[in-house]
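In this note's numbering, each number is its position in the sequence shown, counted from 1, plus 1069.
Ideal Cβ placement from N, Cα and C applies to all residues, glycine included.
Keep in mind that this is a model prediction, so the values were computed, not measured.
Below: the structure, in structure tokens.
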Amino acid sequence: MLDDKSAMPAARIERVLLESPVDGLDFVLALLDRFPGDVPRSLVAPHSPQPEEKVYIFGHPGGAGLAVTLEDNHVIAKRCW
1070 MLDDKSAMPA ARIERVLLES PVDGLDFVLA LLDRFPGDVP RSLVAPHSPQ
1120 PEEKVYIFGH PGGAGLAVTL EDNHVIAKRC W
């Protein structure tokens, strides 16, 4: 279980421990059926966006329904943590 060296380690949700409604914090904390091993960072873009580059933002602003930003969505600064 702890030695999964496969390229695509996977685990199933065994039980939802805690969740928040969309109009709250909109999160879920789940117990997995196994330790999936080292999971690489998820890349949802081919590179990190740079200032002045256009991006599309998906989210629940203010706890409202799912929204997608299609305009006025240029990166204005980049912060490295």
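Cβ-Cβ separation, residue j to residue i (assumed contact under 8 Å), whole Å
{"i": "residue 1098", "j": "residue 1080", "result": "In fact, because the Cβ distance is near 14 Å, the residues do not count as touching under 8 Å."}
{"i": "residue 1132", "j": "residue 1106", "result": "The Cβ separation is near 34 Å, so there is no contact."}
Nearest-angstrom Cα separation, counted from residue j out to residue i
{"i": "residue 1083", "j": "residue 1114", "result": "30 Å"}
{"i": "residue 1118", "j": "residue 1140", "result": "16 Å"}
{"i": "residue 1138", "j": "residue 1146", "result": "17 Å"}
{"i": "residue 1142", "j": "residue 1121", "result": "9 Å"}
Reference residue i, options the options, closest by Cα
{"i": "residue 1123", "options": "1086, 1144, 1085, 1089", "result": "1144"}
{"i": "residue 1134", "options": "1116, 1090, 1125", "result": "1090"}
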